[in-house]
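> Okay, here's the structure, questions in a sec.
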Amino acid sequence: MFGSFAHLTGHVKRQLVFWVGVCALLLSSAFGASLVHAMPPGISTATWKTFTDPVYGFTLQYPTSWNLVVAPDGSHITIANSHTGATIAPIMQSQSGTAMAALSGATNTPGATIKWITVNGATAVDVTQPFTPGSTFNPAGALITRTVTFAKSSGASLASSNATMTYALQLTVKTDNQGHLSAAGQADVNTFNAVVQTFRLPTKVMSPLNPSPNNCPVYCWADDNWNFNLYDDSSNGRDCANVYYNCVYEQKAPANRYQPDFQCAEFVSRAVAQGYTVPGLINGGVAGFSGTVTGHSGAGWDFGKYSMTKAPYNGTAQYWLTDTGGAGNPSGLYDYLINDGIGINEGTNLGPTGWGDVIFFYEGQSTIQHVMVVTGLYTDSSGKIHIIADGHNYDQYHVEVAVSGQSGFVLVHIPMDQQDGISTLPTYYSNGDGPAWSSQQTDGWGQPYRYAYMTGGNFTSASGDLAWSGNTFTSCGIAIFTPNASIASATATVEVDLANRSSYYFSVSEANLYGAALIVKPNTYGSPITYVSVYNANGNASQAFGLGQIMYFC
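What follows is the structure, encoded as structure tokens:
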């Protein structure tokens, strides 16, 4: 929830450091010759199915007794064992430098067992993480994580200095509270070993996804950013091998490690921002809206102090999107999603779950302590729904965190498409002898806008309009951005027209707000919105009419 270890109880502290002393494995000096791994004895892949990733190009096989969970884009898969909760998930990340450097970087994991192996002629690094106990920050429960990483450079060899894509297969296997594997858990490990043997790199390095929200929706952004320590687009960050002490500075944290500089709620807030549901804010990171992001220190209009105006549209509610929110917490992510109609509290009902939904976890049954974003779900043969999620602060990738019939969590379903939205400056008009609009400016929050000084006279003299067609969704929300009061002090009228020819009007006092004004909550109307116009409601010469982006999200 917060970024300080000091607020945790002694019991939780002991729980978080437990894995350091229990089952902490010695670092292997395995930088020499690779071990050629063979198919585990007793396993036949003759009846296994084959999956070829349409985005990244790799191929693997998996047993028919496991569930293949495929995201809506046909990629970002999880192979899940519904009986044990074990998951196998590919992780793809691009970076500069040689493939050998990328593989060597994968060995920088304190406390892990590391082996260099060869699979089908390809060199890989096999890393087994120390045992991790279940805790408030680890709703997946006690587990061990193992990752096998391959690298493919656009050059001719591992030593070629070119762009490199790493392809990792990550196993998350459940254990008892002392880190011991059951017979079923050992069988999961054997299955993972066999899946690794079937893995085949693509014939060429695939092009990275275009950094566009429509090409990389919420779950994609979460998958690309789950292990980064900071999202200020720098290479600095902290991975704390011993909880929050003796931190090592690096860009990414190994799986199931603590990231005190960047917490769970901000990670999820930035992820859902990729789906247009946090109007006006950009999320940064890999494949995010922009390479420049606002801070998260709690100052200014950002994830730490986000302002959203709502009915009667003349006052501003502030949300600390760096906090989980809910009862017992500051007004945070939970409150923002529920209060503004973006999310629906489904409790423990997993039926409506979709990719990109948000799942909050309780400490006891009262205070929300942790939050993750849904990156996979499936229904097993008995009809139970299984939820797979990514998380931050305690970074996790495609782990099973909830199953139908369990408690201790609340699902917030976001019913919007999450890939359909417009966040753009409107078309600006000056009516009659009205004032001219300024050139594009940037306000103190880094947001683009234009302004027009009123010339007097009680008439509409300036407007900003946004029109679109062909959208059949009826769940859309509308927000407008108003710059701070020194450059926006007029009273504006917002007109919203629907496809059924209905029109609705709202009054916004710009002097009383800054930031995004939520004009229409999602699912307000039963007809698609086709046109939005924002214009001055009066012409007092002392006023300035300021207008930034009009944000439309479904």
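Its first residue numbered 6, the sequence shown is counted upward by one per residue in the working numbering. Virtual Cβ for every residue (Gly too), placed ideally from N, Cα, C.
Scan the stretch 390-417 and note each continuous beta strand (DSSP E) run of 3 residues or more that stays entirely inside, going in chain order.
Listed in chain order, the complete beta strand (DSSP E) runs (minimum 3 residues) inside the stretch 390-417 are 390-396, 401-408.
> In chain order, what residues of the same chain lie with their CB nearer than 8 angstroms to the CB of P527, ignoring the 5 residues before and after it?
Closer than 8 angstroms at the Cβ level, and outside the excluded window around P527, lie G346, I347, P420, M421, S480, C481, G482, F558, C559.
> Which stretch, first to last residue, makes up the alpha helix (DSSP H) that contains S443?
Element bounds for S443: n/a, residue is neither H nor E.
> Assign G26 to buried or exposed, taking buried as 16 or more other Cβ atoms, counted over all protein chains shown, within 10 Å of its Cβ.
Residue confidence is low: G26 scores 33 on pLDDT, short of 50, so the model does not pin down where it sits. Its coordinate-derived value is still stated next. So G26 counts as exposed.
> Taking C-alpha atoms, which residue in Q183, A497, V178, P59 lies nearest to V404?
Ranking the options by Cα distance to V404, first place goes to V178.
> How would you call A51, buried or exposed, if buried means at least 16 neighbouring beta carbons within 10 angstroms?
It counts as exposed.
> Could you check the C-alpha separation between P335 and V153 for me, to the nearest Å?
About 40 angstroms.
> By the three-class DSSP mapping on this structure, what secondary structure does T89 have?
Here T89 sits in coil by DSSP.
> Looking only at its own chain, which residues have a Cβ that is under 7 angstroms from the Cβ of A441, when we skip the five neighbours before and after it?
Closer than 7 angstroms at the Cβ level, and outside the excluded window around A441, lie S435, A457.
> When you compare only the Cα positions, how much space is there between T141 and V376?
T141 and V376: Cα-Cα distance of roughly 10 angstroms.
> Exposed or buried, Y540, counting other C-beta atoms within 10 Å across all chains shown (16 or more means buried)?
Under this definition Y540 is a buried residue.
> To the nearest angstrom, how far is it from the Cα of A106 to the Cα of Y402?
Looking at the two C-alpha atoms, the distance is approximately 23 angstroms.
> Just to confirm my understanding: we take N230, look at its own chain, exclude 5 residues before and 5 after, and list those with CB closer than 6 angstroms. What are they?
So the qualifying residues of the chain are G290, V291.
> Output yes or no for whether 8 angstroms exceeds the beta carbon distance between W360 and N288.
No, these two residues do not count as a Cβ contact at 8 angstroms.
> If you measure between the beta carbons of T133 and T118, is that distance less than 8 angstroms?
Yes, the Cβ-Cβ distance between T133 and T118 is below 8 angstroms.
> Just to confirm the assignment: which complete alpha helix (DSSP H) runs, minimum length 4, are found wholly within the stretch 133-211?
188-203, all fully within the stretch 133-211.
> Assign V124 to one of three DSSP states: helix, strand, or coil.
V124 falls in the strand class under three-state DSSP.
> Give the single residue among A104, N545, V406 whose Cα lies nearest to the Cα of T89.
Among A104, N545, V406, the Cα nearest to that of T89 is on V406.
> Would you mind sorting D131 into buried or exposed? The rule is 16 or more other CB atoms within 10 Å of its CB.
Classification of D131: buried, given that the 10 Å Cβ count is 16 or more.
> Under the DSSP definition of a beta bridge, which residues are partnered with K526?
Answer is none; K526 lacks a bridge partner.
> What is the DSSP secondary structure of A227, counted as helix, strand or coil?
Note: A227 maps to helix in three-state DSSP.
> In three-state DSSP terms, what is V474?
Note that residue 474 is Ser in the sequence shown, not Val. It is coil, neither helix nor strand.
> Since I believe T69 is in contact with W53 (beta carbons under 8 angstroms), could you give me their beta-carbon distance rounded to a whole number of angstroms?
At roughly 7 angstroms, the Cβ-Cβ gap stays under 8 angstroms, so W53 and T69 are in contact.
> Between the C-alpha atoms of I82 and V75, what's the straight-line distance to the nearest angstrom?
Rounded to the nearest angstrom, the two C-alpha atoms are 5 angstroms apart.
> Using the three-state DSSP reduction, which class does R506 fall into: helix, strand or coil?
Residue state, collapsed to three classes: coil.
> Which term fits G396, buried or exposed, when burial requires 16 or more other beta carbons within 10 angstroms of its beta carbon?
That one is buried.
> Using the Cβ count rule (16 or more neighbours within 10 Å means buried), how would you classify D362?
Result: buried.
> Following the continuous alpha helix (DSSP H) through S109, name the residue where it begins and the one where it ends.
First-last of the alpha helix (DSSP H) with S109: 104-110.
> On the CB-based measure, 16 or more other CB atoms within 10 Å of its CB, does H4 come out buried or exposed?
With the chain running from 6 to 559 in the structure shown, residue 4 is simply not present.
> Based on the DSSP secondary-structure assignment, which residues constitute the bridge partners of D307?
Bridge partners of D307: K310.
> What's the gap between the Cα of Q370 and the Cα of S428?
Computed Cα separation, rounded: 38 angstroms.
> Buried or exposed: W71, going by 16 or more other Cβ atoms within 10 Å of its Cβ?
Per the 10 Å Cβ criterion, buried.
> Keeping to the same chain, check which residues put their C-beta closer than 7 angstroms to that of A522; ignore five residues upstream and five downstream.
Taken in chain order, the residues that qualify are T314, Y318, A484, I485, T487, V513.
> Let me know if N182 comes out buried or exposed under the rule of 16 or more other beta-carbons within 10 Å of its beta-carbon.
Looking at its Cβ environment, which holds fewer than 16 other Cβ atoms inside 10 Å, N182 is exposed.
> Smallest Cα separation from N354: which of S409, Y324, S312, Y399?
The shortest C-alpha separation from N354 is found at S409.
> Helix or strand or just coil, what does DSSP make of S512?
Reduced to three states, the DSSP call for S512 is strand.
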